[in-house]
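*Asks:* The number in the working numbering is simply the position in the sequence shown, starting from 1, with 313 added. This structure is in structure tokens; I'll ask about it shortly.
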Amino acid sequence: MSGRTPYQSFAIIASEMRKYGEAGNWEKSAEIAAQMDTLLRSGKLPAPQAVDREAIAAALEDIAALTERAGPLKEDIARLLAAFGDTP
Numbered sequence: 314m315s316g317r318t319p320y321q322s323f324a325i326i327a328s329e330m331r332k333y334g335e336a337g338n339w340e341k342s343a344e345i346a347a348q349m350d351t352l353l354r355s356g357k358l359p360a361p362q363a364v365d366r367e368a369i370a371a372a373l374e375d376i377a378a379l380t381e382r383a384g385p386l387k388e389d390i391a392r393l394l395a396a397f398g399d400t401p
């Protein structure tokens, strides 16, 4: 057993997702995000406890940072599509 709570493990996964995104590997980052979404929606995570607060905050920080980084990419893609006459 790793000694980690499920939320600590989740935070580690979120950190990996961020690292892939920051390295420009958006496909792998999106794959991890989809897995995280499935886990969150599955109901398999226990109710968070006070000990999980720091891990949850870290995961949210990684998600927010990646979202901020992806914003300009989305805008660039929209401009490219518009240049080809297709609007998103």
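Quick reminder that beta carbons are idealized off the backbone N, C-alpha and C, glycines included. All figures in this text were calculated on a predicted structure; none of them were measured in a lab.
State the Cα-Cα distance for the pair I326 and L386, rounded to the nearest angstrom.
*Replies:* About 22 angstroms.
*Asks:* By a C-beta neighbour count over all protein chains shown, 10 Å radius and 16 as the cutoff for buried, is D389 buried or exposed?
*Replies:* When all chains shown are included, D389 counts as exposed.
*Asks:* Less than 7 angstroms between the beta carbons of L379 and G334, yes or no?
*Replies:* Cβ distance < 7 angstroms, so L379 and G334 count as in contact.
*Asks:* State the Cα-Cα distance for the pair T318 and D365, rounded to the nearest angstrom.
*Replies:* One C-alpha to the other measures close to 7 angstroms.
*Asks:* In whole angstroms, what is the alpha-carbon distance linking A372 and M330?
*Replies:* A372 and M330: Cα-Cα distance of roughly 10 angstroms.
*Asks:* So, for S328: in the same chain, excluding its five sequence neighbours on each side, which residues have a beta-carbon less than 6 angstroms away from its beta-carbon?
*Replies:* Excluding residues within five positions, the ones whose Cβ falls inside 6 angstroms are D375.
*Asks:* Let me know if S315 comes out buried or exposed under the rule of 16 or more other beta-carbons within 10 Å of its beta-carbon.
*Replies:* Classification for S315: exposed.
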